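Participant:
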Amino acid sequence: MTERVWTQPHVCIHSNDAAAPPAASSQLHLYNSLVDRKVPFIPIDGPDSKSISWYTCGPTVYDSTHMGHARNYLAFDVVRRVLEDYFGYSILYVMNITDVEDKIILRARRNYLLKGYLEQHGKDPARVMSDARTALATAEAKQREKCIAAAADFAQAEADVTAGGPNASEAAKRREGLADAAASEDLLLSKATASVKQLDSLGSTSPTTEAILSLASDALAIQLDAELKHTVTDPSIFRGHAARYEEAFLEDMATLGKKIVANGMAYVSPEGSVYFDTQSFRSQGHTYGKLNPWAVGSALAAEGEPGGEKRHPSDFALWKAAKPGEPTWPSPWGSGRPGWHIECSAMASAVIGQQVDIHTGGEDLRFPHHDNELAQAEAHYHCEGCQQWVNYFLHSGHLGIEGLKMSKSLKNFVTISREKPEGPLASLQCGEEALETFSPRQLRLMMVLTPWDRRMSYGEQIREEMKARESQLRNFFGNVNVAIRKSGGSGGLSAPGPQKWYQEEQTLFTALTVAEKTVRARLMDSIDTRGAMDALSELIKAVNLYLLTRQDAAGPQPQAFLLKQSASFITKILSVFGLAPSAGDAIGMVAEDGANGAGSDEKNSCCAGCFLLIQGWNPCCRSCWSRSGRVLDYLR
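Just so we're aligned, residue 1 is where the sequence shown starts under my numbering, counting upward by one.
(1) Determine whether the beta carbon atoms of Trp54 and Thr360 lie at a separation below 9 Å.
(2) Go ahead and label Arg80 buried or exposed: buried means 16 or more other beta carbons lie within 10 angstroms of its beta carbon, across all protein chains shown.
(3) Scan the region 334-419 and note each continuous beta strand (DSSP E) run of 3 residues or more that stays entirely inside, going in chain order.
(4) Only counting the same chain, and skipping five residues up and downstream in sequence, which positions put a Cβ closer than 6 Å to that of Pro324?
(5) Got a sec? Which residues, its chain only, sit under 6 Å from Ala38 by beta carbon, not counting five neighbours each side?
(6) Tyr392: buried (16+ other C-beta within 10 angstroms of its C-beta) or exposed?
(7) Going by the CB atoms, is the gap between Gln355 and Cys383 shorter than 9 Å?
(8) Select from Met446, Ser273, Ala322 the residue whose C-alpha is nearest the C-alpha of Gly308.
(9) In whole angstroms, what separates the C-alpha of Ser314 from that of Val514?
(10) Could you check what DSSP says for Ala211 in three-state terms: helix, strand or coil?
(11) What residues in its chain sit with their C-beta under 7 Å from that of Ala532, if we drop five residues either side in the sequence?
(12) Within the continuous beta strand (DSSP E) that includes Tyr93, where are the two ends?
(13) What separation, rounded to the nearest whole angstrom, lies between the Cα atoms of Leu374 and Gly588?
(14) Expressed to the nearest angstrom, what Euclidean distance is found between the alpha-carbon atoms of Thr233 and Tyr117?
(15) Beta-carbon separation of Ser224 and Arg110 under 9 Å?
(16) Measuring only the C-alpha atoms, how far is Asn96 from Asp77?
(17) Which first and last residues belong to the alpha helix (DSSP H) in which Leu668 is found?
(18) Thinking Val448 and Leu579 are a contact (beta carbons under 8 Å), I'd like their distance in whole angstroms, please.
(19) What residues match up with Val590 in a beta bridge as DSSP calls it?
(20) Distance check for Gly397 and Ala183, CA to CA, integer angstroms please.
(21) Going by other Cβ atoms of all chains shown within 10 Å of its Cβ, with 16 needed for buried, is Ala141 buried or exposed?
(22) Tell me, please, whether the region 122-131 touches the region 167-174 by the rule of three or more beta-carbon pairs shorter than 8 Å.
(23) Alpha carbon to alpha carbon, what distance is there between Phe577 and Asp85?
(24) In angstroms with no decimal places, state the Cα-to-Cα distance between Asn544 and Ala511.
(25) Looking at the strands, I want to know which residues DSSP matches up with His230.
(26) My understanding is that Asn263 touches Ala379, with C-beta atoms under 8 Å, so please give their C-beta distance in whole angstroms.
(27) What three-state label does DSSP hand Phe276 in the structure shown?
(28) Using the Cβ count rule (16 or more neighbours within 10 Å means buried), how would you classify Phe477?
(29) Using beta-carbon positions only, say whether Glu470 and Leu443 come within less than 9 Å of one another.
(30) Check this for me: beta carbons of Lys486 and Pro558, under 9 Å apart or not?
(31) For Ile260, which beta-bridge partners are listed by DSSP?
(32) Please list, in chain order, all residues of the same chain as Gln8 whose beta carbon is under 6 Å from its beta carbon, the five residues on each side excluded.
(33) Go ahead and pull the three-state DSSP assignment for Arg454.
(34) Tell me the DSSP secondary structure of His121 in three-state form.
(35) Could you check what DSSP says for Asn475 in three-state terms: helix, strand or coil?
(36) So, are the CB atoms of Phe154 and Ala137 less than 9 Å apart?
Printed below as a string of C-alpha cells:
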C-alpha cells in the first residue's frame with residue numbers, strides 16, 4: 001500500500017503526522033486531494049506572493065459537450081474567479097484540449113464503421129436485429145467479466161481490512177473505492193442485461209432500424225470495431241473527428257519521454273512502444289499512486305493497456321507504436337502516437353515549468369490519469385530533485401443525474417447544446433439538452449450552490465432550489481431599486497448628508513457586517529460558495545424586513561445609501577461568482593432571455609419608475625391600468 005506523503009510549500013509536513021488546521025482560520029484553505037483534507041494554501045513563491053500557476057485538464061473532444069464538462073469547468077471557473085477577483089491572486093491558467101487519445105480514436109472509427117454499416121444494411125431491419133442481438137450478447141458477457149474482476153479486487157481489499165495492521169486506514173479507503181467501482185460495474189451489467197431483454201421483446205413487433213439502434217447502437221459499433229478496425233486506414237477519418245492543434249506539443253511529448261528513458265524510469269518494448277517503469281520509479285525514491293493508492297494494482301490500473309509488452313501490470317504507455325486503424329506521428333522510437341497521460345505533463349511543463357501550484361480536474365481522473373501525470377513529471381525532473389510536481393490537487397465532485405452517475409450506457413446523458421448529426425447516425429441521440437431547460441446563468445447558479453468538491457445531483461431538487469434562489473435575487477434587486485427611487489435618494493455608496501439612524505438602520509447595518517464577515521469566512525474555507533450564498537440570503541432577508549418596517553408613509557423612509565451598500569455587496573459577490581457583471585456602482589443582474597422564463601433585471605429596473613408613477617395616480621386610474629394588463633403584461 002502506498003504511503004501518502006505531501007510537503008506543504010515552505011513548511012515540511014508529513015500527512016500522517018500533521019493535524020488538520022482549523023478551517024475557520026484567517027488563512028485561505030483548500031481541500032487538497034493529495035492528502036484528502038483542507039490545508040493552508042501557500043503559493044510556490046511564498047505566503048506573501050499573489051502569483052500562482054494553475055493547470056487543468058481540458059475536455060477530450062470525442063463527443064458533444066455535456067453536463068459533466070459543465071460541472072468541472074464551471075466549478076473551477078468559480079474557484080478561479082474567487083481567487084482572482086476576491087482574494088486578488090494573479091493566475092497563469094493553462095488548459096489543454098485533448099484531441100489525440102484512445103476515446104477520440106475509438107469514437108471516430110466506430111462512428112465511421114457504424115455509418116458504413118447503416119448505409120449498407122440500414123434498410124434491412126431483420127439483418128440489423130440479428131447483428132444487434134449478437135453485439136448485445138457479447139457486450140453483456142464482457143461486462144460480466146468486468147464485474148467478476150471488480151468483485152475479486154473488492155474481496156482482496158476486504159481481506160486486507162480484516163487482517164488489520166499498520167495500514168488499516170488506507171486499506172479501508174481502498175475497500176471503499178473498490179466497492180464503488182464494483183457497484184458501478186454491477187449497474188452497467190444490469191443495464192446491459194435489460195437491453196438484451198428489451199431487444200428480445202422488441203423482436204416480436206417488426207421494429208424499425210431506428211428502434212433497434214436506440215437499444216444497441218453502442219454495442220453494434222463496438223462489435224464492428226472489433227471485427228473491422230484494421231480496415232480503417234484513412235487519416236482524414238480521425239482528422240475530421242477532432243483535429244485541432246494536436247501537433248503543437250508532440251515534440252515536447254517526445255522530449256519528455258526521452259528524458260524519462262534516460263533517467264532509467266521508462267523502457268522501449270520490442271514493438272516500439274515506450275512504457276513508464278513504475279517499479280524503477282519507486283526504487284529511485286519516488287511515490288507512485290499519490291492520489292489513489294488503493295487503485296494501484298487493481299484492474300483499473302491496467303485498463304486499455306496490453307499486458308504482454310509491460311514488465312509490470314501498473315506500467316503505462318508514454319508512446320504507443322503504430323497500429324492499423326489508428327493515426328500516427330513520427331517519433332524517436334518509430335511511428336505511433338502519444339499515450340493518454342503524457343500530453344498534460346508535457347504541456348504543463350512546457351508552459352509552467354518544474355512545479356505547479358494548482359492542478360484541477362474531474363474526480364474520475366484521479367486514477368490513473370492524474371497519478372500517472374504526477375509520476376511522468378516527477379520522473380522527468382528527477383535530476384532536479386523534484387519530489388512534488390503539484391502542490392495542490394483539486395478535484396470537482398461527480399455529477400449525478402437523479403442519483404445515478406451520468407452515462408450514455410444508462411441513458412441519462414445530458415448535453416449542453418445538442419449538435420444534430422446528419423445522415424444515417426441522425427437517429428442516435430439520447431438524453432436531454434440542458435439549455436432547453438435552463439439559461440446559462442441558471443446552470444452557473446446550480447454550480448455555485450453545490451460545493452466544488454462535492455457530488456452534484458442534477459435533478460428536480462437542485463432545479464427547484466436554483467429557481468427559488470434566482471427568484472429571490474431578482475425580486476430583491478427589483479424591490480431595492482423601487483425603494484431607492486421612492487425615497488428620492490441617489491443611491492450612492494456614501495450618505496448625501498447627516499442622517500439619523502434608528503434601531504432598524506442599526507440592525508440592517510449589523511446584518512451587512514455579519515454577511516461580509518461570513519462570506520469571507522466561507523470563501524476562506526476551501527471556497528465554500530454554497531455557504532457564501534447562504535450568507536447573502538440572510539442579508540436579503542434582513543433587507544426585506546427593513547423595507548417592511550419602512551412601509552409607513554408617515555414614518556421614516558428607507559435610507560437609500562444603506563440599501564445601496566447592501567445591494568452593492570451582494571452584486572459584488574455575485575459578480576465574483578460570474579452571476580452578475582462587474583459594472584461599477586450598478587446593482588443587480590443583467591438581462592438574460594434564457595430558457596425557462598429567465599427574466600430581465602434591467603427590464604425590472606427600467607420599469608420601476610412606471611410602478612412609482614402608477615402609485616402616484618388616483619385609485620381609479622390605477623385600477624384601469626391594472627385591468628388593461630398593459631403594464632403587467634410588459635413586466636411579465
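Quick reminder that beta carbons are idealized off the backbone N, C-alpha and C, glycines included. These numbers were taken from a predicted model, which means no experiment stands behind them.
Facilitator: Taking the coordinates as given:
(1) yes
(2) buried
(3) 336-338, 356-362, 390-396, 399-401
(4) His230
(5) Reading the sequence as shown, one finds Lys at residue 38 and not Ala. The residues are Ala23, His29, Tyr31, Ser526.
(6) buried
(7) no
(8) Ser273
(9) In this structure, the alpha-carbon of Ser314 lies about 52 Å from that of Val514.
(10) helix
(11) Val519, Arg522, Leu523, Ile573
(12) 90-95
(13) 43 Å
(14) 17 Å
(15) Sequence inspection shows Leu at residue 224; the Ser mentioned does not correspond to that position. In contact: Leu224 and Arg110 (Cβ atoms closer than 9 Å).
(16) Distance between the alpha carbons of Asn96 and Asp77: 15 Å.
(17) The structure shown does not extend to residue 668, since the chain spans only 1 to 636, so no value can be given for it.
(18) 7 Å
(19) Per DSSP, none; premise fails for Val590.
(20) Between Ala183 and Gly397, the C-alpha separation is close to 18 Å.
(21) exposed
(22) no
(23) 9 Å
(24) 12 Å
(25) None; His230 has no bridge partner.
(26) 6 Å
(27) strand
(28) buried
(29) no
(30) yes
(31) DSSP lists no beta-bridge partner residue for Ile260.
(32) Hits under 6 Å: none found.
(33) coil
(34) Of the three classes helix, strand and coil, the one that applies to His121 here is helix, per DSSP.
(35) helix
(36) no
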